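One structure below.
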Amino acid sequence: MKLSPLALVPCMLSFPALSSAQCIPAASAVQSMTLTATPQTENRSGLAFNPLLGLYYSVNAGSANYPIDTYDEAGTLVSTVTSGFDYRGAWWDPIGQRLLGNGYNNLGIFEQNLDPVTGFPLGTGTVLLASTQPDAQSIGDLDPDASEIIYFFDGSIHRFDAAKHAALGTTAITGLPVSLASINSNTVMYIGCTGYEYGLYDYSNRRVLYVNKVSGAYSGNTQLPANAPPRSSFGLSYANGKVWLFEQGVWLGYDLGFSLGVGDAANLGSLQLWPNPAAESITIAADDGGAIAAARITDLAGRTMLNVATARSSGSCVLDVSALPIGNYLVHATGARADRVLPLVIVR
C-alpha cells in the first residue's frame, strides 16, 4: 500500500533526474545497532528501511507463516505479524513508496500491504510480477538508480527490469580478492555509491566487498569486526547506510561510515544552508544570490529522499524536511552557474 509522500512546499514543481551522490565507504566498520527478532527461525533473509516513517522491516525465509517484524529508528520492535509470503529478499521502493520483496523459487515479486497511518505490515499483499530469478534461493535487492532488481548467482550480478521483471542481462564480477567459495552465496546488496554500487559479503574474512556496477570489477572493501557473523548464505542485508548480519535472533548493524568523495568535497562552500542541524525546514541560497533551479536530498549512500525543481528566478528556496528521519544527508543544489553539495543533519 502506497504511503503519503514527503511534504512539499509551493516552490517545488517537478522531479528532475539528477546524478547520484559520490560517497566512499570507510576502510573499517563498527557494529552500531541491533534489532532483536521474534522467535521462529534463524532464516532472516532481508531487511528494508522505510525512510518516510523511519521503520525497518525484517523478513523470514522458509514459510509464509513466518513473521515479518517491524522496528522503529531506535531499534525497538513495534510490530510483528505473519508475513503472508515466503520471502527471500525485501526492499523499499522509493518511487512507489511501498515494501516489495522476492519470494522462493517462482513465487514472484510481492507487495506487502501496509497500514496507511502506522506503516506496519498487515500480513497480506499482492504478487505483482512473475519471477524469473536465477536460483530458487536468490535474495534480491533494488537498484533504484537504474530501476532494476538485482541478484547474485554463480559469480555474476543478474539484472531484471523492476517494472516487468524481464531479464536485462548479467554482469560478470572480476578481480575479487577471494574465491566464490568465501562469498555469501545468495545475497547481493545495492550500496549505491559511485564505483562501489554492489556489495557482497566475504564471510571467511568478515569483509564487505564492493563491485563497480558499470565494469563488474572489484573496487574495494570494508573490514567488519572479527566477531561479525560468518553468514555463508541468507542473514545478510543492506538498509539505511548499514550492512546487517543476522545471528542468534538478532540483526547486527554495521555502519559503513560513508564520507564525501573528492568531487563533492571540492564543491562545498558555494551554498548557504540554514538551519543545520534542522528539524522542520531548511533554506538554501547561493552565495552570489543566483537562482536555485533544483534541489535534491540524498542519504549518504546516494539514495534520493527528496527531489524537486523550483520556480524561483533568484533568491532562496525553503524546503520542508519534516518527513525525513533523523540522520545525516547531502543536499545537492543546481544553480545557474554550477552544482553544489552540502551536508545536512536532521534532528528532532
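The working numbering puts the first residue of the sequence shown at 1, with every later residue one more than the last.
Even glycine gets a Cβ: it sits at the ideal position worked out from N, Cα and C.
Please read all numbers here as calculations on a predicted model, not as lab measurements.
Would you call the CB atoms of residue i and residue j closer than 8 Å?
i: residue 250; j: residue 34; result: yes
i: residue 103; j: residue 86; result: yes
i: residue 53; j: residue 119; result: yes
i: residue 171; j: residue 159; result: yes
i: residue 203; j: residue 182; result: yes
i: residue 135; j: residue 188; result: no
i: residue 246; j: residue 300; result: no
i: residue 224; j: residue 208; result: yes
i: residue 278; j: residue 330; result: no
i: residue 132; j: residue 167; result: yes
i: residue 99; j: residue 57; result: yes
i: residue 41; j: residue 65; result: no
i: residue 90; j: residue 46; result: yes
i: residue 67; j: residue 36; result: no
i: residue 61; j: residue 88; result: yes
i: residue 253; j: residue 31; result: yes
i: residue 49; j: residue 92; result: yes
Reducing DSSP to helix, strand and coil, say where residue i ends up.
i: residue 114; result: strand
i: residue 32; result: strand
i: residue 79; result: strand
i: residue 181; result: helix
i: residue 205; result: coil
i: residue 213; result: coil
i: residue 164; result: coil
i: residue 196; result: strand
i: residue 125; result: strand
i: residue 60; result: strand
i: residue 143; result: strand
i: residue 135; result: coil
i: residue 86; result: coil
i: residue 237; result: strand
i: residue 103; result: strand
i: residue 95; result: coil
i: residue 224; result: coil
i: residue 256; result: coil
Is it buried or exposed for residue i, if we count other Cβ within 10 angstroms and need 16 for buried?
i: residue 256; result: buried
i: residue 348; result: exposed
i: residue 107; result: buried
i: residue 337; result: Its pLDDT being 47, under 50, residue 337 is placed unreliably in this model, and the value from its coordinates should be taken loosely. Residue 337 should be labelled exposed.
i: residue 143; result: buried
i: residue 228; result: buried
i: residue 274; result: exposed
i: residue 180; result: exposed
i: residue 164; result: exposed
i: residue 76; result: exposed
i: residue 326; result: exposed
i: residue 235; result: buried
i: residue 74; result: exposed
i: residue 26; result: exposed
For chain B, is any of its Cβ atoms less than 8 Å away from the one on residue i?
i: residue 145; result: The structure shown has no chain B; it contains just one protein chain.
In chain order, what residues of the same chain have a beta carbon less than 7 Å from the beta carbon of residue i, not counting five sequence neighbours either side?
i: residue 429; result: Because the chain spans 1 through 348 in this model, residue 429 falls outside it and cannot be assessed.
i: residue 241; result: 255, 256, 258, 299, 300, 301
i: residue 156; result: 170, 171, 172, 173
i: residue 43; result: 60, 61, 62, 234
Residues in the same chain with beta-carbon distance under 8 Å from residue i, minus the five sequence neighbours each way, listed in chain order, please.
i: residue 281; result: 9, 318, 319, 320, 321, 322
i: residue 199; result: 188, 189, 190, 191, 208, 209, 210, 211, 238, 243
i: residue 177; result: 202, 209, 218, 221
i: residue 80; result: 38, 67, 68, 69, 70
i: residue 324; result: 6, 51, 297, 305, 306, 346
Per DSSP, what are the beta-bridge partners of residue i in this structure?
i: residue 156; result: 153, 172
i: residue 73; result: BP columns for residue 73 are empty, so no partner.
i: residue 45; result: Per DSSP, none; premise fails for residue 45.
i: residue 246; result: 251
i: residue 51; result: DSSP output for residue 51 lists no bridge partner at all.
i: residue 306; result: 297
i: residue 343; result: 330
i: residue 318; result: 283
i: residue 38; result: Bridge partners of residue 38: none, in fact.
i: residue 278; result: 346
i: residue 218; result: 211
i: residue 68; result: 81
i: residue 324; result: Beta-bridge pairing links residue 324 to no other residue.
i: residue 109; result: 102, 129
i: residue 191; result: Residue 191 pairs with nothing; no bridge assigned.
Looking only at its own chain, which residues have a Cβ that is under 6 Å from the Cβ of residue i, when we skip the five neighbours before and after it?
i: residue 186; result: 137, 138, 139, 233
i: residue 28; result: 223
i: residue 231; result: 184, 203, 245
i: residue 94; result: 144
i: residue 113; result: 1, 122, 124, 125
i: residue 162; result: 147, 148, 149
i: residue 216; result: 171, 172, 173, 174
i: residue 195; result: 212, 219
i: residue 128; result: 109, 111
i: residue 105; result: 136
Within 7 Å: the Cβ of residue i and any heavy atom of the ligand NAD?
i: residue 128; result: With respect to the ligand NAD, the structure offers nothing, as it holds no ligand at all.
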